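Student:
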Amino acid sequence: MSKILVTGACGQLGVEIINGLETQYGRGNVIASDINEPGDGLTGVPFEFVDVMNPQQILGIVKKHKITIICHLAALLSATAEKNIDLARKLNIGSLHSILTIAKDEKLEKVFWPSSIAVFGPDAKTDGTPQNSACTPSTVYGISKVSGELWCAYYYNTFGVDVRSVRYPGLIGYKSLPGGGTTDYAVDIYHKAVKGETFECFLKPDTRLPMMFMDDAVKATLDLMNANPDGLTVRTSYNIAAISFTPEEIAASIRKRYPNFEIVYKPDYRQQIADSWPDRIDDTVARTDWNWNPNYDLDTMTNHILDNLSDFWKY
Ligand SMILES: NC(=O)c1ccc[n+]([C@@H]2O[C@H](COP(=O)([O-])OP(=O)(O)OC[C@H]3O[C@@H](n4cnc5c(N)ncnc54)[C@H](O)[C@@H]3O)[C@@H](O)[C@H]2O)c1
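Sequential numbering from 0 applies to the sequence shown in numbering that gives the first Met the number 0.
1. Under the three-state reduction of DSSP, which class applies to Leu90: helix, strand or coil?
2. Output needed for Ile262: all residues of its chain with C-beta closer than 6 Å, excluding positions within five of it in sequence on either side, in chain order.
3. Does ligand 1 have a heavy atom nearer than 6 Å to the CB of Asp115?
4. For Thr235, which of Asn227, Val165 and Lys62 has the nearest alpha-carbon?
5. Cβ atoms of Cys70 and Val5: under 7 Å apart, would you say?
6. May I ask you to verify whether the stretch 233-247 touches the stretch 273-288, counting CB pairs closer than 8 Å and requiring at least 3?
7. Taking the alpha carbon of Thr245 as the reference point, which residue from Met211, Leu221 and Val233 has its own alpha carbon closest?
8. Over what stretch of residues does the alpha helix (DSSP H) that includes Tyr154 continue unbroken?
9. Find the nearest neighbour of Thr206 within the set Asp274, Pro168 and Phe158, judged by alpha-carbon distance.
10. Going along the chain, which residues of its own chain have a beta-carbon closer than 8 Å to the beta-carbon of Val61, five neighbours each way excluded?
11. Do Trp289 and Ala226 come within 7 Å of each other at the CB atom, strictly closer than that value?
12. Taking 6 Å as the cut-off, is the beta-carbon of Val14 closer than that to any non-hydrogen atom of ligand 1?
13. Compute the Euclidean distance between the alpha carbons of Tyr318 and Lys194, then round it to the nearest angstrom.
14. Assuming Ile253 and Thr182 form a contact by the criterion Cβ under 8 Å, report the distance between their Cβ atoms to the nearest whole angstrom.
15. Is any heavy atom in ligand 3 found nearer than 6 Å to the beta carbon of Ala74?
16. Are Leu223 and Arg163 closer than 7 Å when you measure CB to CB?
17. Quick one: what does DSSP say Asp282 is sitting in, helix, strand or coil?
18. In its own chain, which residues sit with a C-beta less than 6 Å from the C-beta of Ser143, not counting the 5 before and 5 after it?
19. The alpha helix (DSSP H) with Phe212 in it runs from where to where?
20. Considering only the alpha carbon of each residue, which of Ser114, Ser1 and Thr125 lies closest to Ile168?
21. Pull up the distance between the alpha-carbon of Asp85 and that of Cys9, whole angstroms please.
22. Name the one or two DSSP bridge partners that His71 has.
23. Can you check DSSP and say which residues form a bridge with Phe198?
24. Within the same chain, show all residues whose beta-carbon is closer than 8 Å to that of Val284, passing over the 5 residues directly before and after it, in chain order.
25. CB of Cys9 to nearest heavy atom of ligand 1: below 6 Å?
26. From Cys151, Lys255, Asp122 and Thr128, pick the residue whose C-alpha is nearest to that of Thr138; which is it?
27. Kindly identify the DSSP beta-bridge partner or partners of Thr128.
28. By the DSSP assignment, the beta strand (DSSP E) with Leu315 in it spans what residues?
29. Closer than 6 Å: is that where the CB of Asn35 sits relative to any heavy atom of ligand 1?
30. Can you tell me whether Trp312 is buried or exposed? The criterion is at least 16 other CB atoms within 10 Å of its CB, across all chains shown.
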């Protein structure tokens, strides 16, 4: 029976992936871990304090729970990484290396580790960035993700570690607050709309970025983890895509429900990060290899979030 350890489980993605993993593997077979206290979203989920910067601590929990799969989510996101270069390097690259080593030594069944569209830099094609486009990022976060992807491919090719990865676009959910990324505005904007407040956007109105609703991100993760390994042709990380929009387009989508919603623009250092990323991603290879297909477009995502947000946070 598979037993899964999720690192960074208290983050924006962790809480939602754990729900998906529990549906598939059963409660009790998914162990959440983080350096922070679990919030309400993880009530009833077995939890361990694990600092992924400490390989012995990870190994101890792997042995204690007879873990067979690790879903390694703990990382510093793009905006925070830019302000903490050394920590980003140690956390984002060092912890992945520890987990791949543990997976090899303990003969784990699988590892899932997310990369990001931040692997693409100014040299990549911006509209319809293909799977094998140049990965020459200009950000600390992007550099850490390219390096991680290469380590994943190395451990797969050299030691047979079955590590799988997707390049998530900006992830948009409503069940937890975002953790310091450049696409966080697309989460915060819904909170302001529901509270009837004006939203101050840290990107320019026409900044187009690839995005994805959280339910699609969870679906992509589970679909790839369940895919037949024989069909997987990419062992760095798969491009996946869903929606691509600008701040003024998401504001227009919100105004269909909240006609008086107002947005003002005050670009900061995150504009430069966003400008170095693609507008739209080509995910043909993921669609071919493991039938990737998202369910949400901009308006269906907006409606779903606005229908649920007030209840979730009791606004
Ligand atoms: N959120 C996005 O838009 C997005 C996009 C692309 C890729 N990703 C990737 O997905 C993964 C999860 O992202 P997220 O949005 O949930 O991030 P997040 O910032 O919301 O959560 C990260 C979690 O890691 C934990 N953490 C930090 N340092 C730790 C340590 N030393 N040991 C253990 N836990 C530690 C934090 O407490 C936090 O709960 C990351 O690898 C990220 O790079 C996210």
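For each residue, glycine too, the CB sits at the ideal point set by N, CA and C.
Quantities reported herein were computed from a predicted structural model and do not represent experimental measurements.
Tutor: Per the coordinate set shown:
1. For this step, residue 90 is matched to residue 91 along the sequence shown. Correct three-state label for Leu90: helix.
2. As a first step, residue 262 must be located in the sequence shown, where it is residue number 263. Within the same chain, Phe198, Cys200 and Ala250 come within 6 Å of Ile262 by CB-CB distance, once the 5 residues on both sides are set aside.
3. By one-based count along the sequence shown, residue 115 stands at place 116. The amino acid at residue 115 is misidentified as Asp; the sequence shows Ser. Residue side-chain check: Ser115 places its Cβ nearer than 6 Å to a non-hydrogen atom of ligand 1.
4. As a first step, residue 235 is located in the sequence shown; it is residue number 236 there, counting from the start. The option with the nearest alpha carbon to Thr235 is Val165.
5. Sequence index remark: in the sequence shown, residue 5 carries index 6 (1-based). Sequence index remark: in the sequence shown, residue 70 carries index 71 (1-based). Yes, the Cβ-Cβ distance between Val5 and Cys70 is below 7 Å.
6. Taking a cut-off of 8 Å on C-beta distances, the stretch 233-247 touches the stretch 273-288, as three or more cross pairs fall below it.
7. Sequence index remark: in the sequence shown, residue 245 carries index 246 (1-based). Check the Cα spacing between Thr245 and each of Met211, Leu221 and Val233: the tightest is with Met211.
8. Within the sequence shown, the letter at position 155 stands for residue 154. Taken as a continuous stretch (DSSP letters only), the alpha helix (DSSP H) holding Tyr154 covers Val139 to Phe158.
9. Here residue 206 refers to the residue found at position 207 when the sequence shown is read from its first residue. Out of Asp274, Pro168 and Phe158, Asp274 has the C-alpha closest to the C-alpha of Thr206.
10. Here residue 61 refers to the residue found at position 62 when the sequence shown is read from its first residue. The residues are Leu4, Ile69, Ile101, Glu105 and Leu107.
11. Indexing the sequence shown from 1 puts residue 226 at position 227. Indexing the sequence shown from 1 puts residue 289 at position 290. With a cutoff of 7 Å on beta-carbon distance, Ala226 and Trp289 are scored as near each other.
12. Position 15 of the sequence shown, counted from the first residue, corresponds to residue 14. Not under cutoff, so the answer is no.
13. For residue 318 there is no data in the structure shown, the boundaries of the chain being 0 and 314.
14. In the sequence shown, residue 253 corresponds to position 254, counting from 1. In the sequence shown, residue 182 corresponds to position 183, counting from 1. About 16 Å; that fails the 8 Å criterion.
15. Among the ligands present in this structure, namely ligand 1, ligand 3 is not found.
16. Here the question's residue 223 lines up with position 224 in the sequence shown. Here the question's residue 163 lines up with position 164 in the sequence shown. Cβ distance < 7 Å, so Leu223 and Arg163 count as in contact.
17. Here the question's residue 282 lines up with position 283 in the sequence shown. Residue state, collapsed to three classes: coil.
18. As a first step, residue 143 must be located in the sequence shown, where it is residue number 144. When the five nearest sequence neighbours on each side are left out, the beta carbons in the same chain lying within less than 6 Å of the beta carbon of Ser143 are those of Ala87, Asn91 and Ile92, in order along the chain.
19. Within the sequence shown, the letter at position 213 stands for residue 212. Per DSSP, Phe212 belongs to no alpha helix (DSSP H); it is in the beta strand (DSSP E), Leu208 to Phe212.
20. One-based indexing of the sequence shown puts residue 168 at position 169. Here residue 168 turns out to be Pro, not Ile, going by the sequence shown. Closest by alpha carbon: Ser114.
21. Here residue 85 is taken as the residue at index 86 of the sequence shown, counted from 1. Here residue 9 is taken as the residue at index 10 of the sequence shown, counted from 1. Asp85 and Cys9: Cα-Cα distance of roughly 22 Å.
22. What you label residue 71 is simply residue 72 of the sequence shown in a count that begins at 1. Thr6.
23. Sequence index remark: in the sequence shown, residue 198 carries index 199 (1-based). In the DSSP assignment, the residues bridged to Phe198 are Ile262.
24. Within the sequence shown, the letter at position 285 stands for residue 284. Closer than 8 Å at the Cβ level, and outside the excluded window around Val284, lie Gln130, Thr232, Val233, Tyr237 and Asn238.
25. As a first step, residue 9 must be located in the sequence shown, where it is residue number 10. For ligand 1, a non-hydrogen atom lies closer than 6 Å to the CB of Cys9.
26. Counting from one through the sequence shown, the residue named residue 138 turns up at place 139. For Thr138, the nearest C-alpha among the options comes from Asp122.
27. Position 129 of the sequence shown holds residue 128. Per the DSSP secondary-structure output, Thr128 pairs in a beta bridge with Ile280.
28. This structure cannot settle anything about residue 315, because the visible part of the chain is limited to 0 through 314.
29. What you label residue 35 is simply residue 36 of the sequence shown in a count that begins at 1. For ligand 1, at least one heavy atom lies less than 6 Å from the Cβ of Asn35.
30. Taking the sequence shown and counting its residues from 1, one reaches residue 312 at position 313. So Trp312 counts as exposed.
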